[in-house]
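Before any comments, here is the structure.
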Amino acid sequence: MLLFLLWGTSSFSQSEKSIEGRLSDESGEAVISASVLLKNPSGNIVTYAISDEDGNFVLTTGATGTLTLEVSHISYDLYSETIQLTETIPSYPFKIILQPKSNELKEVIIQGRRAAVQQQGDTLSYNLGAFTTGNEQKLKDIISKLPGLEIDENGRIKSEGKVVGNLLVDGKPFFGDNHKIATDNLNAEMIKGIDLLKNYETFDALKNIEGSNETALNIQIKEEYQGRPTGNVEAYGAYDERYRLHTNLFSFAKTHNLSFIGDINNTGQQPLSLLDFLQMDKSKDIKNKEDEISSIGSGSSLPGFLIDNDNRTEQRSRFGALNAVFAPVENMAIEAFSILDVEGIKSKQFSERQYFSQNGTIQSEELIQDDNDLLINQTNINAEYKPNANSLLHYTLDFKPKRNEFYTDIDGEVASEAQTTMQRINGRGYTLGQNLGYTVRLSNNKLLAVNAFSNSMEDRTQLDLLSNRSLFDMGNSVSQLIKSKTEEYGLYSRYTHRAKNHILKFNVGYVWGESRFYDTALPDEAVSLNNQNYLYTGISMEKKEGFFQYKALINLRNYNLSFNDAKDNPWLFLPALETKMEFSKTHYASLKYSRQAGLPNAQQLNPFSYVMDYRNFRLESDVDYTTPMLNDRFEFQYFYLNLYSGTQLLFNSFLNRTENSIGVNNEVTGIYNYSNGLITPYKSSWVNRLRFQTRINPLKTIFKLDLDYNNTVFNNYISTVKNKATNKQFRIEPFLSSYFKDAWLNYETGIDFVQNNTLFALTGTENKGTKTSPFINLKGVFSEHWSYYIKNAWAFYKTSMSRRDFYQLDLEVRYHQNKSKFSYWISGENILNMTSAQIVEAVALQNSLSRNTIYRMPGYIGVGVSYDF
Numbered sequence: 003m004l005l006f007l008l009w010g011t012s013s014f015s016q017s018e019k020s021i022e023g024r025l026s027d028e029s030g031e032a033v034i035s036a037s038v039l040l041k042n043p044s045g046n047i048v049t050y051a052i053s054d055e056d057g058n059f060v061l062t063t064g065a066t067g068t069l070t071l072e073v074s075h076i077s078y079d080l081y082s083e084t085i086q087l088t089e090t091i092p093s094y095p096f097k098i099i100l101q102p103k104s105n106e107l108k109e110v111i112i113q114g115r116r117a118a119v120q121q122q123g124d125t126l127s128y129n130l131g132a133f134t135t136g137n138e139q140k141l142k143d144i145i146s147k148l149p150g151l152e153i154d155e156n157g158r159i160k161s162e163g164k165v166v167g168n169l170l171v172d173g174k175p176f177f178g179d180n181h182k183i184a185t186d187n188l189n190a191e192m193i194k195g196i197d198l199l200k201n202y203e204t205f206d207a208l209k210n211i212e213g214s215n216e217t218a219l220n221i222q223i224k225e226e227y228q229g230r231p232t233g234n235v236e237a238y239g240a241y242d243e244r245y246r247l248h249t250n251l252f253s254f255a256k257t258h259n260l261s262f263i264g265d266i267n268n269t270g271q272q273p274l275s276l277l278d279f280l281q282m283d284k285s286k287d288i289k290n291k292e293d294e295i296s297s298i299g300s301g302s303s304l305p306g307f308l309i310d311n312d313n314r315t316e317q318r319s320r321f322g323a324l325n326a327v328f329a330p331v332e333n334m335a336i337e338a339f340s341i342l343d344v345e346g347i348k349s350k351q352f353s354e355r356q357y358f359s360q361n362g363t364i365q366s367e368e369l370i371q372d373d374n375d376l377l378i379n380q381t382n383i384n385a386e387y388k389p390n391a392n393s394l395l396h397y398t399l400d401f402k403p404k405r406n407e408f409y410t411d412i413d414g415e416v417a418s419e420a421q422t423t424m425q426r427i428n429g430r431g432y433t434l435g436q437n438l439g440y441t442v443r444l445s446n447n448k449l450l451a452v453n454a455f456s457n458s459m460e461d462r463t464q465l466d467l468l469s470n471r472s473l474f475d476m477g478n479s480v481s482q483l484i485k486s487k488t489e490e491y492g493l494y495s496r497y498t499h500r501a502k503n504h505i506l507k508f509n510v511g512y513v514w515g516e517s518r519f520y521d522t523a524l525p526d527e528a529v530s531l532n533n534q535n536y537l538y539t540g541i542s543m544e545k546k547e548g549f550f551q552y553k554a555l556i557n558l559r560n561y562n563l564s565f566n567d568a569k570d571n572p573w574l575f576l577p578a579l580e581t582k583m584e585f586s587k588t589h590y591a592s593l594k595y596s597r598q599a600g601l602p603n604a605q606q607l608n609p610f611s612y613v614m615d616y617r618n619f620r621l622e623s624d625v626d627y628t629t630p631m632l633n634d635r636f637e638f639q640y641f642y643l644n645l646y647s648g649t650q651l652l653f654n655s656f657l658n659r660t661e662n663s664i665g666v667n668n669e670v671t672g673i674y675n676y677s678n679g680l681i682t683p684y685k686s687s688w689v690n691r692l693r694f695q696t697r698i699n700p701l702k703t704i705f706k707l708d709l710d711y712n713n714t715v716f717n718n719y720i721s722t723v724k725n726k727a728t729n730k731q732f733r734i735e736p737f738l739s740s741y742f743k744d745a746w747l748n749y750e751t752g753i754d755f756v757q758n759n760t761l762f763a764l765t766g767t768e769n770k771g772t773k774t775s776p777f778i779n780l781k782g783v784f785s786e787h788w789s790y791y792i793k794n795a796w797a798f799y800k801t802s803m804s805r806r807d808f809y810q811l812d813l814e815v816r817y818h819q820n821k822s823k824f825s826y827w828i829s830g831e832n833i834l835n836m837t838s839a840q841i842v843e844a845v846a847l848q849n850s851l852s853r854n855t856i857y858r859m860p861g862y863i864g865v866g867v868s869y870d871f
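Taking the numbering used here as reference, the numbering of the sequence shown is continuous, increasing by one, and the terminal residue is 871.
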């Protein structure tokens, strides 16, 4: 009924009108950074803009009738004009000449202060000079200072708290969404400007009818770096046979972008971030986005070196990445990139652990040493062809092979008896996704899209164990080969109808899905075979313009499920609702709700037992293949950005409550943990983030404040008795950084405090931990050719069982002559711990607590040289 009411009222909505023009003075020179306001008869601001470097401005509004156009600037008299907007005229051009203020002294020239951020329609352009010092080396150093943008601990770029979906260089894609590759390798001196593009979409016919929810960050390259090969080569050698060889090669032109990045090092510098690895899984992008709104992600298994990237004693990296974008003609574009990362990693820790069960507690003390080799690769191809202005044909291929070999030696005591175990895990696999789509504009307000996709995934894991004690009552050695394979195919279509500012969408599609999980030593009847085919249809209504915006969506799914010989056909009703109050393009509040669904896969339904690792054994699952996991997700977000001062305030809050979540029942028998999957009543997570940033201009200082509070509740079982766990985490980081231009001293200082508390209801066990990390970083230039950087960071770790302090000192002194292509530097990391480094951490799992002393890579100091071309 709501949809019909919205559809009925849409005929009374007002169409968008454009008010655009140019501001100049009496001599014809452009007037930049002037405020252009459109006011209603009550004097309230309807919309506003800031004139750009050419004096141009654009206002868009759905209002009609008599309004007032005002232009103000510090150096000119106020300009005001009454205008009449009607439904029949879509565009209103203006050419406005501003008069200098009458009290301006003849001998003094007053220049208006340029806004920190300029807005032009859906584009925010950053005035880099308002935030940078001239000492920045890489793109990440610039982005980290810009309001509304941040780079998180995994190297991903966020805008307004959300990950930027498209990273562009001069309007062309750059390594997909693998942000860390760009932020770590694009030199700051190459950057001319940075634009944040909201409602980003390359196909105008699609954007004009449906709009877009995508965000892009466009990096503008200076002209002297365009049209020719450019880049640099670096070589570095350090104490204790440390080394790094690195190269960046770029060619930026109008019809193509070519980039190659290569890196070989054993210093622990990691070219690939955790998020980059996660985003290599393109399965959600391959599918229908309207249907994926209602889906619970299955998650990915993560390489340990990406999660604990500091907790290693040795790391050897070999990395290469190639990106190519070709646009030979206006209606065709091809983007391809390939990333190869080969890692050799050693780690070491001493673990003191307690296992809880109904029968008592088992204690262990073990020295665990790992020697791991990993290969990660992603090759991605995107091609677009526009036969005409009304149609688009696109194809995507994403291929990701992987290989890993994990060797682990465990030596210690378990239940007061010595045990020595050697573990070897050899994994091979791949994922392959493809999507072919066709989109056509049927008329000025109607659109049809048809897509077909396929996803394939295969994994094989060989596990070999050898111990001086019996392993799971299977003898002193175990050899096991587990395989899993998932295939998914889908066909879907979308019809869109736009009526004024309201957008109506109809979706229909069918998905075929099959997953297998099996032990190769077992007969065929022991295979876990799960089919999840479903027909879905959905309808949505949305409005993306004006003060009040909304989206109402209903998805229906009819499943055809089977697990081995059992079958079922459930229906699922999955609604979603979004509302947004947009006070301006940079000031809004939004509230979202969605219900998401997922079903267990073949591995979670395992009908056979298998060994997980040297301490854990998985029993047959008690999970029901017909029981859906249902997640209710609520999200609130408030965002404010002052374009003049750069002051930013961001608050968002996410609440997830999942019914029928898949949990684990643990039973400690002897010296081993036996577990099986089961359905738990619920799990919930509440995540809150506050980000504030402002410039203190008299002190040339930027102040930032980060606040986080997370509360997670999950239910697992010990010996079939529920063990509710509650985890609370609080983090606060106030931060000050100066921005004196080319100064001998700039500083960054603050303190990062994290408190983590986990309580297990069944055992009454509470695990507390805090980390207090004050820091002060100094950087600057002295004389004409020298620059330096000093990082001072302390970390005070405290748990309920122990305490450990850690101090890290990094430094770099760099020499570079003007017009010289060579640079030289001395640099070191953690130079006060060049023999050994240790930290302590406390880890709480469903049925165990552990205190781990972790050995880290020792520090180093060395010299380097680079050549730019």
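Virtual Cβ for every residue (Gly too), placed ideally from N, Cα, C.
>> Taking the alpha carbon of asparagine 835 as the reference point, which residue from Asp744, Gln551, Tyr241 has its own alpha carbon closest?
In response: Looking up residue 835 in the sequence shown gives position 833. Closest option to asparagine 835, Cα to Cα, is Tyr241.
> Where in the region 381-436 do unbroken runs of the beta strand (DSSP E), each at least 3 residues long, occur, reported from the N-terminal end onward?
Replying inline: 393-416
>> I'd like the list of long-range same chain contacts for alanine 329, defined as Cβ closer than 6 Å, with 5 residues on each side in sequence excluded.
In response: The residue labelled residue 329 in the question sits at position 327 within the sequence shown. Taken in chain order, the residues that qualify are Thr257, Ala335.
>> On the criterion of 16 or more Cβ atoms from any shown chain inside 10 Å, does valine 38 qualify as buried, or is it exposed?
In response: By 1-based counting over the sequence shown, the position of residue 38 is 36. When all chains shown are included, valine 38 counts as buried.
>> So asparagine 633 and arginine 659 are supposed to be a Cβ contact under 8 Å. How far apart are they, rounded?
In response: Locating residue 633 in the sequence shown gives position 631, where the first residue counts as 1. Locating residue 659 in the sequence shown gives position 657, where the first residue counts as 1. Yes, asparagine 633 and arginine 659 are in contact; Cβ-Cβ is about 7 Å, under 8 Å.
> Hey, quick one: how far does the alpha helix (DSSP H) through glutamate 152 stretch, first residue to last?
Replying inline: In the sequence shown, residue 152 corresponds to position 150, counting from 1. No alpha helix (DSSP H) holds glutamate 152; the beta strand (DSSP E) holding it covers 151-153.
> For the beta strand (DSSP E) that glutamine 708 lies in, which residues bound it at each end?
Replying inline: Here residue 708 refers to the residue found at position 706 when the sequence shown is read from its first residue. The residue asked about is misnamed: residue 708 is aspartate in this sequence, not glutamine. Element bounds for aspartate 708: 703-720.
> Tell me the DSSP bridge mates of phenylalanine 636?
Replying inline: Counting from 1 along the sequence shown, the entry for residue 636 is found at position 634. Answer is Tyr595, Leu657, bridged to phenylalanine 636.
> For asparagine 832, is the classification buried or exposed, using 16 other Cβ atoms within 10 angstroms of its Cβ as the cut-off for buried?
Replying inline: Working through the sequence shown from its first residue, we reach residue 832 at position 830. Buried, since its Cβ has 16 or more Cβ neighbours within 10 Å.
> Should leucine 25 go down as buried or exposed, given a rule of 16 or more other Cβ atoms within 10 Å for buried?
Replying inline: The sequence position of residue 25 within the sequence shown is 23, counting from 1. Buried, since its Cβ has 16 or more Cβ neighbours within 10 Å.
> Whose C-beta lies closer than 7 Å to the C-beta of methionine 232 among residues of the same chain, with five residues either side of it excluded?
Replying inline: In the sequence shown, counting from the first residue as 1, residue 232 sits at position 230. The displayed chain sequence assigns threonine, not methionine, to residue 232. For threonine 232, where only same-chain residues beyond five positions count, the Cβ hits under 7 Å are Phe252, Phe871.
> Would DSSP call proline 175 helix, strand or coil?
Replying inline: The count along the sequence shown starts at 1 and reaches residue 175 at position 173. Correct three-state label for proline 175: strand.
> If you drop the 5 nearest sequence neighbours on each side, which residues of the same chain put their C-beta closer than 7 Å to that of aspartate 143?
Replying inline: Indexing the sequence shown from 1 puts residue 143 at position 141. Answer for aspartate 143: Ala190, listed in chain order.
>> Restricting to Cα atoms, I'd like to know which of Ala338, Val842, Gln371, Leu780 is closest to valine 815.
In response: As a first step, residue 815 must be located in the sequence shown, where it is residue number 813. Among Ala338, Val842, Gln371, Leu780, the Cα nearest to that of valine 815 belongs to Leu780.
> Helix, strand or coil: which one does DSSP assign to asparagine 187?
Replying inline: For this step, residue 187 is matched to residue 185 along the sequence shown. It is helical.
>> For arginine 500 and isoleucine 664, what's the separation of their Cα atoms in angstroms?
In response: As a position in the sequence shown, residue 500 is number 498, starting the count at 1. As a position in the sequence shown, residue 664 is number 662, starting the count at 1. One C-alpha to the other measures close to 41 Å.
>> Could you check whether glutamate 490 and valine 510 sit closer than 8 Å to each other, using their CB atoms as the reference points?
In response: Against the sequence shown, residue 510 aligns to sequence position 508. Against the sequence shown, residue 490 aligns to sequence position 488. Cβ atoms of valine 510 and glutamate 490: not closer than 8 Å.
>> Please classify leucine 277 as buried or exposed, where buried requires at least 16 other C-beta atoms within 10 Å of its C-beta.
In response: Position 275 of the sequence shown holds residue 277. Low per-residue confidence applies at leucine 277: pLDDT is 48, beneath 50, and the placement is therefore not dependable, though the value from the model is reported in the following sentence. That one is buried.
> Between the region 770-777 and the region 746-758, do at least 3 Cβ pairs fall closer than 8 Å?
Replying inline: yes
> Taking the continuous beta strand (DSSP E) assigned at glutamate 750, which residues delimit it?
Replying inline: Translated into the one-based positions of the sequence shown, residue 750 becomes position 748. Residues 748-762.
>> If contact is defined by three or more beta carbon pairs under 8 Å, each pair taking one atom from either stretch, is the region 686-702 in contact with the region 648-659?
In response: yes
> Run through DSSP, which three-state label would histidine 504 get?
Replying inline: What you label residue 504 is simply residue 502 of the sequence shown in a count that begins at 1. If DSSP states are grouped into helix, strand and coil, histidine 504 belongs with the strands.
> Between the C-alpha atoms of phenylalanine 254 and proline 175, what's the straight-line distance to the nearest angstrom?
Replying inline: Locating residue 254 in the sequence shown gives position 252, counting from the first residue. Locating residue 175 in the sequence shown gives position 173, counting from the first residue. Each residue's alpha carbon lies about 12 Å from the other.
>> Helix, strand or coil for leucine 277? Go by DSSP, reduced to three states.
In response: Walking along the sequence shown from the start, residue 277 turns up at place 275. Interpretation of leucine 277 is limited by its pLDDT of 48, a score under 50 that renders its predicted location unreliable; the figure taken from the coordinates is listed afterwards. Here leucine 277 sits in helix by DSSP.
> Would DSSP call glutamate 138 helix, strand or coil?
Replying inline: Within the sequence shown, numbered from 1, the residue matching residue 138 stands at position 136. Looking at glutamate 138 - three-state DSSP - the assignment turns out to be coil, as it is neither helix nor strand.
>> Just to confirm the assignment, what range does the beta strand (DSSP E) spanning lysine 194 have?
In response: Here residue 194 refers to the residue found at position 192 of the sequence shown. Note, lysine 194: beta strand (DSSP E), 193-200.
> DSSP puts leucine 449 in a beta bridge; with which residues?
Replying inline: Numbered from its first residue, the sequence shown carries residue 449 at position 447. Bridge partners of leucine 449: Arg443, Thr498.
> Over what stretch of residues does the beta strand (DSSP E) that includes leucine 260 continue unbroken?
Replying inline: Residue mapping note: residue 260 aligns to position 258 of the sequence shown, counting from 1. Unbroken beta strand (DSSP E) run through leucine 260: 258-267.
>> Closest to glycine 864 by C-alpha separation, out of Glu243, Glu22, Leu438, Ile159, would be which residue?
In response: Here residue 864 corresponds to residue number 862 of the sequence shown, with the count starting at 1. Ranking Glu243, Glu22, Leu438, Ile159 by Cα distance to glycine 864 puts Glu243 first.
>> From the DSSP secondary-structure annotation, give me the bridge partner or partners of proline 92.
In response: Translated into the one-based positions of the sequence shown, residue 92 becomes position 90. In the DSSP output, where bridge partners are listed per residue, proline 92 has none listed.
> Rounded to the nearest angstrom, how far is the Cβ of isoleucine 221 from that of leucine 170, given a contact under 8 Å?
Replying inline: As a working mapping, residue 221 is identified with position 219 in the sequence shown. As a working mapping, residue 170 is identified with position 168 in the sequence shown. Contact holds; Cβ gap of about 7 Å.
> Can you tell me the Cα-Cα spacing of proline 736 and alanine 132, whole angstroms?
Replying inline: Position 734 of the sequence shown, counted from the start, is the residue given in the question as residue 736. Position 130 of the sequence shown, counted from the start, is the residue given in the question as residue 132. One C-alpha to the other measures close to 21 Å.
> What residue from Phe508, Tyr520, Leu188, Phe716 has the CA that sits closest to tyrosine 538's CA?
Replying inline: Along the sequence shown, one-based indexing puts residue 538 at 536. The option with the nearest alpha carbon to tyrosine 538 is Phe508.
> What did DSSP end up calling lysine 800 once you bin it into helix, strand or coil?
Replying inline: On the sequence shown, residue 800 is found 798 positions in, with the first residue counted as 1. Looking at lysine 800 - three-state DSSP - the assignment turns out to be strand.
>> Three or more C-beta pairs under 8 Å: does that hold for the region 670-688 against the region 319-326?
In response: no
>> Quick check on the burial criterion: 16 or more other C-beta atoms within 10 angstroms. Buried or exposed for asparagine 699?
In response: Residue mapping note: residue 699 aligns to position 697 of the sequence shown, counting from 1. When all chains shown are included, asparagine 699 counts as exposed.
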